[in-house]
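When we follow the numbering used here, the leftmost residue of the sequence shown carries the number 1, and every step to the right adds one. Working notes for the structure below.
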Amino acid sequence: MRRITNPLARSAQAARFGPASVAAFALLSLLIIGRSATSVEPPTQAEAIDFNRDIRPILSENCYQCHGPDKNQRKADLRLDLRDSALELGSIVPSKPEESELVARIFSDEPDEVMPPRESRKSLTPEQKQKLKQWINEGAVYKGHWAYEVPVRPQAPTGPQGIDQLIEQRLAKVGMPPSAEADRRTLIRRLSFDLVGIPPTPQDVDNFINDNSPDAYEKLVDRLLNSPHYGERMAIDWLDVVRFADTIGYHSDTPRDVWPYRDYVIRSFNRNTPFDQFTIEQLAGDLLPGSTQEQKVASCFNRLLLTTEEGGAQAKDYEARMLADRVRAVGTVWLGQTLGCCQCHDHKYDPAKAADFYSMGAFFADIEEPIIGKREPGMIVTDAQQAKERARLEANVREAKARLAAPGALITAGQVAWEKAVLAEASQTDHWIVLHPATAVATQGAKLNVGADGVVQVEGKSRSGNDTYQLTFKAPLKDIRGLRLDALVDSSPSTKGPGRAGNGNFVLTEFRVTDVQGKPVALAHASATFEQSGFPAVSAIDGKNGPNNGWAIAGATETDNAIVFETARPLGDGTPTALTLTLQHQHGTDHTLGRFRLLATTWAPPVRAPRTMIPPSSVFEAIRIAPDHRTAAQRDALAAHYRVISPEIRPLRDALATAERALASYEKSLPRCMVSKAMKTPRTVRILPRGNWLDETGERVRPALPQYLTPQRTNEDRTLTRLDLADWLVSRENPLTARVFVNRLWKQFFGIGLCKTVDDLGSQGEWPANQPLLDWLACEFVDSGWDVKRLVRTIVTSRTYRQVSTASKEMLTRDPENRELARQSRFRIPAELVRDNALAVAGLLVHEVGGPSVKPYQPDGYWENLNFPPRQYVADRGAGEYRRGLYTWWQRSFPHPSMIAFDAPSREECAAERSRSNIPQQALVLLNDPTYVEAARVLATRMIKEGGTDPAARIDWAWRQALQRPPRPEELARLIPLVERHRQQFENDEPAARAFLMVGQSPQPAGISTAELAAWTNAARVLLNLHETITRN
């Protein structure tokens, strides 16, 4: 194995496997390659034992749990995963099985001596015992685990011929001939499902069949690879493995903005983005120098994990969960390792340790995000046209700000007068005493927080959108003659003024005062520093309290304002006087005060609102300094503040406000995507003993690459980043990433990976059915510059891929899982493609690529238990109903039921493969789900209109649409009578026929009888329910 000298080097050479030009390496690779653990014939006694192929699986399954890498579970201080340990204690004596304790124990009949012990509920077969004995007799040669050795390219030509040579060598060894090439109808159907995910049209089939050029097949492959739908088909498997979903997963399972990431994945496959770049952008796109919008969107990968908004959740608990989720993701997506086993202890079967687990998690400790609570809306994502329009609106804002900031003689003169007025007003300010509320409540659920300065800050939502604030005071004053309410500008980014409405406004519909006995206090007069047209100050004390009545300040929300109330009689006798002030807001939605202060005065009447509001203390202190003694900063602060309040330049302020509103409104309409953003100070990561988040005694760790894959650490003098991790994952020294990806890709095209356990290439994983081929594909992939389309083309143009999928009885007996690939595989298409196929055959499929998730038909009440808050599923109308299954809204706790029926994962965890079940629910979905009933009705309409008048001709037309072949005589013999029987039934029950045809939102055709259409709709339902219709041969 080549050891890493600099795993963090970002040179082109460090991202490529070197060519295996040395003949000795090639010869060695051929000698050590074993055959599949599920191959058609076990190795004979004469065949040499191979440790990785024959022995490691036995030891890993039966022995490593007690005698393996996990020191906490190890017994008798014996390790059978290390040769030195096994030999040191005499458990294994090379070439002398009769002296080896291991042999004695496995063949023992004594309950206290036999290994594995009976309490482990494991036992060895006679064949396994003989293998172990033979291995020791041959010298007990250990080898490093095959997957942890850098791939060495076997001797085979480049391109599809390399695949065929390595497959045929294997077939010759086991005595099985390859199968013949499939016919062209089968090939185009197979390729279409594999590369674009939708069936070929009859015209596509005819064109391919009639193309007599020698490269007809290659031209078909290239056309499909260049289709925009290629990226959609490839994205399905990738979105599974990265656990893409539209919701957060835990507790409330609320939505989040991530769909632009799905578009990024589709574009990347369509553009043939090199896989190393694809990897780096997702793990560390935000860390790349001058990162683009596309690269930042790619970094959404790091945000796809499960999160919670539950108020009672423990932050440390979920911080540990999130770390573990991300480590498992890297382990599954790129390494094919079950790293999650190391969360509580060292791995029991693989050399990964708990320290590797938490050091890997530390790479992601820099991501800025709330551990608990609502996720941020995300970064605005624009296309070229949207970016242009946004730039135009931003330029308008900049220009308006520049005009507002420009000096002018009128502004200068106004500022001088204003400063004098502020100083004059300040001389009377001492007559106003700030009141500090004893209690402050909002009747509709908002929270009133009172500061030490008496300022009341309102937080939280009001249930009804309106609210009433009640505040009690004990004012130690005598003869109170006036009360004053200061509406103060809120400096928080989400607020534009003192009010909580979107424009910073409020409407005080009524202001009431009651004394200590609860009696109303009469108010004689109201005045304000500013009054919105139609909403004067006196409206707040007229007793009407109507929704269109009150004091408001639209047009002056950018500055503090005040309303002053003169009492009809003096209040208080000098002792603490109890007062209750009630502020009512009954106008519109959220037109409530957000930040305010109450004051009282004993100043003799008339008590009126100040002509000038005292500015903030920093500005006021600058005013008190003589102009020729002010610093430049003080002069700038004064000028800036005056421009905010100056009446002379109000038109300029209004122009700026208009420009800012236009920009904000446009940005609100734009897509957003959660992305990664690095914090300057990452969170602290410690090894959690036994995975216990309450135990913080574990060692603190820094980001580090897995020790067992990078034994020679470098650059330990600096803190590694996600970019370093990504670089290493796609470096030549990492033996896993290329193997893992090509193995998953092979599964996509053959139904099963060369290594069956696609998510586990560790000791518990399966020995590859054809390791030379797996390593050749890995080397071919990386030597090509991580070219995904080239790899796909290489696979699908091989003779191996083009074989028929029919199997003889002998094949099924000798190789039931088709591990030797003497034929192609036959398997059901994925859940998304089942839907796409039906819509495409019917002519309903919308071929638009990309965009937000959509909500197709779903059973009523399915979301009944989706709470916090309760939600109601509303199916899309129009084109959204007919988008590809890839775009279906993915609610983690309640995935779409038809997706579940066809084995789609919940995506709560990374899913490297889907199971393929065969259950009754699948037939029920195809028969009764409105999507498929509607597709059958539209297909039936086309059968009648485009298939001719003869029943056999109509069936032939439909068969060619759905199956790319004509119907067989026995199929016609069954379906024609079925149509006639259903026609008669519907003629006798026309209301049932009409109700049946009402399913779906697509319009019903004119000129076709109800019974006729209903009968042919049932025939189309039969066609869509055929096993062949949803099977890729």
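Ideal Cβ positions, reconstructed from N, Cα and C, are used throughout, including at glycine.
Three-state class that DSSP yields for residue i in the structure shown
| i | result |
| --- | --- |
| S567 | In the sequence as presented, Ser is not what sits at residue 567; that position holds Thr. In the structure shown, T567 sits in a strand (DSSP, three-state: E or B). |
| G499 | strand |
| I829 | coil |
| Q1001 | coil |
| L31 | Unreliable positioning characterises L31 in this predicted model, as indicated by a pLDDT of 28, which lies under 50. A coordinate reading is not provided. |
| L754 | coil |
| V607 | coil |
| G762 | coil |
| V22 | Note that V22 has pLDDT 31, beneath the 50 cutoff, so the model's placement of it is unreliable and no number is given. |
| C673 | strand |
| W1016 | helix |
| L725 | helix |
| T412 | helix |
| V40 | Confidence in V40 is poor, its pLDDT being 40 and thus under 50, which makes the residue's placement unreliable; the coordinate value appears in the next sentence. The answer is coil: DSSP assigns V40 none of H, G, I, E or B. |
| Y857 | coil |
| E61 | helix |
| Q45 | Low confidence applies here, because Q45 scores a pLDDT of 47, under 50, leaving its location unreliable; read the following figure in that light. Of the three classes helix, strand and coil, the one that applies to Q45 here is coil, per DSSP. |
| A426 | helix |
| G231 | helix |
| M613 | coil |
Whole-angstrom C-beta distance between residue j and residue i, which should lie under 8 angstroms
| i | j | result |
| --- | --- | --- |
| L926 | N1018 | Wrong, their Cβ atoms sit about 13 angstroms apart, outside the cutoff. |
| V796 | D194 | 7 angstroms |
| E780 | T279 | Incorrect: roughly 18 angstroms between the Cβ atoms, too far for contact. |
| A769 | L754 | 6 angstroms |
The ligand ADP heavy atom lying under 7 angstroms from the CB of residue i
| i | result |
| --- | --- |
| F868 | Questions concerning the ligand ADP fall outside what the structure shown contains, since it holds no ligand whatsoever. |
Span of the alpha helix (DSSP H), counted from its first residue to its last, around residue i
| i | result |
| --- | --- |
| H67 | Y64 to H67 |
| S665 | R650 to S669 |
| R512 | Counting along the chain, R512 falls outside any alpha helix (DSSP H), though it belongs to the beta strand (DSSP E) covering E510 to T514. |
| T794 | V788 to V796 |
| Q517 | From DSSP, Q517 is part of no alpha helix (DSSP H); its letter is neither H nor E. |
For residue i, the residue or residues it bridges with in DSSP
| i | result |
| --- | --- |
| G1037 | Outside the shown range of the chain, which is 1 to 1033, sits residue 1037, and nothing can be said about it. |
| K143 | DSSP lists no partner for K143. |
| V441 | Q470 |
| A562 | D486 |
| R871 | The partner list for R871 (beta bridge, DSSP) is empty, contrary to what the question assumes. |
| P701 | Strictly speaking, residue 701 in this sequence is Val, with Pro absent from that position. Looking at the DSSP assignment, V701 forms a beta bridge with V685. |
Contact set for residue i: own chain, Cβ-Cβ below 8 angstroms, skip 5 residues either direction
| i | result |
| --- | --- |
| Q1035 | In the structure as shown, the chain begins at 1 and stops at 1033. Residue 1035 is therefore absent and cannot be evaluated. |
| I380 | R390, E667, L670, P671 and R672 |
| N545 | T509, E510, Q584 and Q586 |
| D346 | P69, D70, K71, N72, A352, K353 and A354 |
| P520 | R512, V513 and T514 |
Same chain, Cβ closer than 7 angstroms to residue i, neighbours up to 5 away in sequence not counted
| i | result |
| --- | --- |
| D317 | W693 |
| L220 | I188, L191 and F208 |
| G231 | I266, R267, F269 and N270 |
| F596 | V456, L485, D486, A487, L488 and P498 |
Boundaries of the beta strand (DSSP E) in which residue i is found, first to last residue
| i | result |
| --- | --- |
| F750 | Careful: F750 lies outside any beta strand (DSSP E), inside the alpha helix (DSSP H) at T737 to F750. |
| S527 | L523 to A528 |
| H1069 | Not covered by the structure: residue 1069. The range shown for the chain is 1 to 1033. |
| Q165 | Taken as a continuous stretch (DSSP letters only), Q165 belongs to no beta strand (DSSP E), being part of the alpha helix (DSSP H) at P160 to V174. |
| E459 | V456 to E459 |
| D479 | K478 to A487 |
| H1027 | First-last for H1027: undefined, no H or E at that position. |
| Q295 | Segment Q293 to A298 is the alpha helix (DSSP H) holding Q295; no beta strand (DSSP E) there. |
| K447 | K447 to V450 |
Short CB-CB distance (under 8 angstroms) between residue i and chain B
| i | result |
| --- | --- |
| L304 | Going by chain labels, chain B is absent from the structure shown, which holds only one protein chain. |
Chain-order list of residues whose beta-carbon lies under 6 angstroms from that of residue i (same chain, five-residue window excluded)
| i | result |
| --- | --- |
| W259 | P852 and S853 |
| L80 | L59, C63, H67 and A86 |
| V538 | A526 |
| M998 | none |
| H229 | V196 |
| T307 | I248 |
| I163 | S798 and T800 |
| E558 | V644 |
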